[in-house]
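Down below is the structure, laid out as structure tokens.
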Amino acid sequence: MEMMMQVVLLHLSDIHIKAHKDPILKKGKDIAACIYSSLPSASHVFIVVSGDVAFSGEDFQYALATDFLREIQAAIQKETSNPVSFIVAPGNHDCNFKQNSGARKMLVKSIEDSDAPEIDSSIIDTCTFIQKPFFEFRRVLEENEAAVDDSLWRSSRFEVEAQILTFECLNISWISNSHETPGYLYFPVDRYKGNQTNDVDIRFLVLHQPLNWFSQSIYRQFREFTRQISDIVISGHEHQGNVGIIDEAESDKSTFVEGGALQGGKNLLDSSFNVVVIDLVHRQFKSTRHSWDGARYVSNEEGSWPEYHNLPAKKNKHFTILE
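Those letters in the sequence shown? Residues 941 to 1263, by our numbering.
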């Protein structure tokens, strides 16, 4: 029998933790149970959160989130001796707008109004100041001192069964406003285009807002860049789970997994998440959406690919972030 070498991604998004009474905080073990059947073949489990961990980016909300996510991790670790790691990207709800300064508001407005804004480290520092509680939460939760991070792009590298996997977490929410509208987000792609490396087997790109939230001035360039360098793009924000492969001339085929909201309102009627399995031997993947039925989380055909699909081959995946 051929040995199975797999990684399993528990993809959570849009948790929106607001207070200790949140119903999702009692569902950690129910969520963890949905990946137990995949663990015998899994060499590594990644709990991937694509943004909006908190409701309003406050310290006490991240304390609740830490306990919740650690409960999920502990439940999985009882079922496997293999590593269970966290990967977390920020969302717009991970900004504490109570600390939104006048200087930040002016900078964000200037970036929104410009077709080609000049972005340096001082601008990034000012705009990401309201995300400091998130950054500290992630640092403690991930426990990955080897990760390379510059506030807008965090790169985490793992070796699994002699293959190199990297997770590139983008901070798309660095210029978020308290009231989000599509078509204004900006990301300084040129800051990262010059740094290249070849020694990655599978690269995951994790971000919160999908491409339709970007300004037209950067949309096409950002879309081409991210799809070219990544094997799978993982996102959230729109509360609609989905999975698929896009085939286009500019970036060839690219795979995407979109997360539903784990906690979208006062109840869990629309609560869902994804379980993604990567077959490292055959370079294939499948994704199953799990939704709350009132008593437990069950697999759902809508937004799922329960059968294996080939990961598209990439001609050029060059990228690294320097400290």
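Glycine residues also receive a C-beta, built at the ideal position from the N, C-alpha and C atoms. Please read these numbers as outputs of a predicted model, since none were measured by experiment.
Give the C-beta separation of residue i and residue j to the nearest angstrom, bearing in mind that I take them to be a contact with Cβ-Cβ under 8 Å.
{"i": "T1066", "j": "L1047", "result": "6 Å"}
{"i": "V993", "j": "V1024", "result": "About 18 Å; that fails the 8 Å criterion."}
{"i": "W1093", "j": "P1122", "result": "Actually they do not touch by this definition, with Cβ atoms about 22 Å apart."}
{"i": "I957", "j": "F995", "result": "6 Å"}
{"i": "N1036", "j": "P1073", "result": "6 Å"}
{"i": "L1147", "j": "S1175", "result": "5 Å"}
{"i": "V1215", "j": "L950", "result": "6 Å"}
{"i": "L965", "j": "V989", "result": "The pair is not a contact, with the Cβ atoms about 15 Å apart (cut-off 8 Å)."}
Report yes if the C-beta distance between residue i and residue j is below 7 Å; otherwise report no.
{"i": "S1212", "j": "R1229", "result": "yes"}
{"i": "L1202", "j": "I1051", "result": "no"}
{"i": "V1100", "j": "V947", "result": "yes"}
Name the DSSP bridge partner or partners of residue i?
{"i": "W1232", "result": "Y1237"}
{"i": "H1249", "result": "F1225"}
{"i": "K1133", "result": "In DSSP, K1133 forms no bridge with anything."}
{"i": "F1196", "result": "V1173, G1184"}
{"i": "D1219", "result": "Q946, Q1224"}
{"i": "E1099", "result": "I1104"}
{"i": "N1214", "result": "H951, R1229"}
{"i": "L1208", "result": "Paired residue(s): none; L1208 is not in a bridge."}
{"i": "D1089", "result": "R1094"}
Could you tell me the alpha carbon to alpha carbon distance between residue i and residue j, rounded to whole angstroms?
{"i": "L1262", "j": "I1142", "result": "Note that L1262 has pLDDT 47, beneath the 50 cutoff, so the model's placement of it is unreliable and no number is given."}
{"i": "A1253", "j": "V1221", "result": "14 Å"}
{"i": "G1205", "j": "S1062", "result": "36 Å"}
{"i": "P1057", "j": "R1163", "result": "18 Å"}
{"i": "E1011", "j": "A982", "result": "20 Å"}
{"i": "M941", "j": "D1090", "result": "Residue placement at M941 is flagged as unreliable, the pLDDT there being 37, under the threshold of 50; the coordinate-derived value follows with that caveat. Cα to Cα, M941 sits roughly 45 Å from D1090."}
{"i": "S1155", "j": "Y1124", "result": "4 Å"}
{"i": "E1019", "j": "K1045", "result": "48 Å"}
{"i": "Q1224", "j": "L1081", "result": "29 Å"}
{"i": "S977", "j": "P1246", "result": "14 Å"}
Write down every uninterrupted run of the beta strand (DSSP E) in the segment 1004-1069 whose length is 3 residues or greater and which is fully enclosed by it, in chain order.
1024-1029
Quick check for students: name the residue ranges of the beta strand (DSSP E) that lie wholly in the segment 946-1010, counting only runs of 3 or more.
946-952, 982-990
Report the start-end ranges of each beta strand (DSSP E) in the segment 1135-1160 that is 3 residues or longer and not cut off at the edges.
1142-1146
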